[in-house]
DNA sequence: CGAAACAAACCGACTGGTCGGTCGGATGCC
DNA sequence: GGCATCCGACCGACCAGTCGGTTTGTTTCG
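Residue numbers (the numbering used here), protein chains in the order written: chain A, 68 to 289; chain B, 68 to 289.
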């Protein structure tokens, strides 16, 4: 590890102008790649496109970066770094734990709202695939989020939980579930998926305002 | 819409044996595609692979399905249908809203735990891209989930929230956030992302056991 | 100071490989 | 004979990465 860039690296020994221009080009390419990846996704972005957007040639791009993946990696890392630093700064300014949580969430929201492109790059995993795939995936998420929202509506109607934004809650629940399952699939984090069921159940119910007493009563299940 | 399959469609008018064999082949292909997609992802699955896995040829596959995408679509839909039906059945068996929620969650968990392949197909959007992309994405999720867990640990240490599985909560929070942002990006659902901040904030804090009084106090922010 | 020598930076045609989809025919059930 | 079914060689498009060659800024030396 540590062999990121190529020739341009140690060129700054002398001749500042040259090195500076090189660094500028590098940034130019990174910038172009950022926008192109965010707009069209990783797979659908061709190196020629990046080159064109950076107003250089494919050869020029390959002079500064070894592979397409290397560009993506660097972009991911630096973008995530920037966001994490921003959040850390915001959190450090607060002392109360809940205020900290607030600050973190608010920072993330504000940053994404201001930099849509950043959000696309960091969060839209699915953009890695093509359009078709994406549409199907979207429909699926939509469907299950709505399904959950429907159940929540019933619960609200029956007075089991206080009124709340069921649409949003459906989306959030689905997202949480999705992430937990994905983690299990990719990292094998809990060896048995069912292990996370009780704590996740409690978490979700609590988030909808179900009284603690009610949550504890798991019943005879399992 | 409605031009899914090709010749095989209306073949069942007469001659049962022939039609049956055709239907069998269709299933065979679907089955092979299911496994291959789940294992290697959409993009990395070649039609030749599907054909080989189904013990037929590419031409054979193309006789039954118009495009690769059509196969994927049908697979997604039918799999989601099956899962949704299962959940619906489980929910219908309960009357109490919270028990319903329980049943739904438990059904999903049990189904995935039993059919890892199904989970892969339905939930691993990122699998649509290649390995490289995926690794990077994974690291990112891991990183932010841990970051959240870290903050939660502090909050627990200070007694601001009751002890809980901070690791899982971090993952769930990240998933919820991710999904909300993704929804905004893809569907443009809330025109302004910030609109969802207050309700999401309340949802997340509540899920961690922050007392209702504390949640209501939004402070002078915004 | 200017010209030759050098190397960093850049260019774009080309290669090798992949893969979705096509098509002309073969095969067997009715 | 005729139609559904199936086969697999082939086509065309796409694209990451390479490479020989050109340009351009810098250094060296007469």
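Ideal Cβ positions, reconstructed from N, Cα and C, are used throughout, including at glycine.
{"Item": "Residue 143/B versus residue 275/A - alpha carbon distance", "Value": "30 Å"}
{"Item": "Own chain, CB closer than 6 Å to residue 268/A, minus 5 neighbours either side, in chain order", "Value": "none"}
{"Item": "Test: residue 299/B CB closer than 9 Å to a CB of chain A", "Value": "The structure shown does not extend to residue 299/B, since chain B spans only 68 to 289, so no value can be given for it."}
{"Item": "CB contact below 9 Å: residue 250/A versus chain B", "Value": "yes"}
{"Item": "Residue 130/B in three-state terms, based on DSSP", "Value": "helix"}
{"Item": "7 Å Cβ shell around residue 282/A - same chain, five flanking residues per side excluded", "Value": "269, 272, 273"}
{"Item": "Straight-line Cα distance separating residue 228/B from residue 215/B", "Value": "14 Å"}
{"Item": "CB contact below 9 Å: residue 128/B versus chain A", "Value": "no"}
{"Item": "Selection of the region 155-176 of chain A by Cβ proximity to chain B, strictly under 8 Å", "Value": "158, 163, 164, 165, 166, 167, 168, 169, 171, 172, 173, 175, 176"}
{"Item": "Whole runs of the alpha helix (DSSP H) within the region 175-242 of chain B, excluding any shorter than 4 residues", "Value": "183-190, 198-224"}
{"Item": "C-alpha distance - residue 97/A paired with residue 119/B, whole-angstrom precision", "Value": "41 Å"}
{"Item": "Residue-chain proximity (residue 274/B, chain A), Cβ-Cβ < 9 Å", "Value": "yes"}
{"Item": "Residues in the region 228-244 of chain B having any Cβ partner in chain A nearer than 8 Å", "Value": "228, 231, 232, 235, 236, 238, 239, 240, 241, 242, 243, 244"}
{"Item": "contact_flag[the region 207-221 of chain B, the region 223-243 of chain A] where n(CB pairs < 8 Å) is 3 or more", "Value": "no"}
{"Item": "Residue range of the unbroken alpha helix (DSSP H) whose run includes residue 154/B", "Value": "135-159"}
{"Item": "Residue 247/A - DSSP class collapsed to helix/strand/coil", "Value": "helix"}
{"Item": "Cutoff 9 Å: residue 97/A Cβ touching any chain B Cβ", "Value": "no"}
{"Item": "Chain B contact residues for residue 253/A, given Cβ-Cβ distances below 7 Å", "Value": "205"}
{"Item": "Cβ neighbour criterion (16 or more within 10 Å) applied to residue 112/A", "Value": "buried"}
{"Item": "For residue 264/B, the first and last residue of its enclosing alpha helix (DSSP H)", "Value": "264-274"}
{"Item": "Simplified DSSP assignment, three categories, for residue 110/B", "Value": "coil"}
{"Item": "Residue environment, residue 121/A, which counts as buried when at least 16 other CB atoms sit within 10 Å", "Value": "buried"}
{"Item": "Buried/exposed call for residue 133/A, threshold 16 Cβ in 10 Å", "Value": "exposed"}
{"Item": "Where residue 143/A meets chain B, residues with beta-carbon distance less than 7 Å", "Value": "203, 207"}
{"Item": "is_contact[residue 263/A, chain B] using C-beta, thresh 9 Å", "Value": "yes"}
{"Item": "Residue environment, residue 162/B, which counts as buried when at least 16 other CB atoms sit within 10 Å", "Value": "exposed"}
{"Item": "Buried versus exposed call for residue 169/A [16 or more other C-beta atoms within 10 Å across all chains shown]", "Value": "buried"}
{"Item": "Limits of the alpha helix (DSSP H) - the one that residue 279/A falls within", "Value": "279-283"}
{"Item": "DSSP-derived helix/strand/coil call for residue 255/B", "Value": "coil"}
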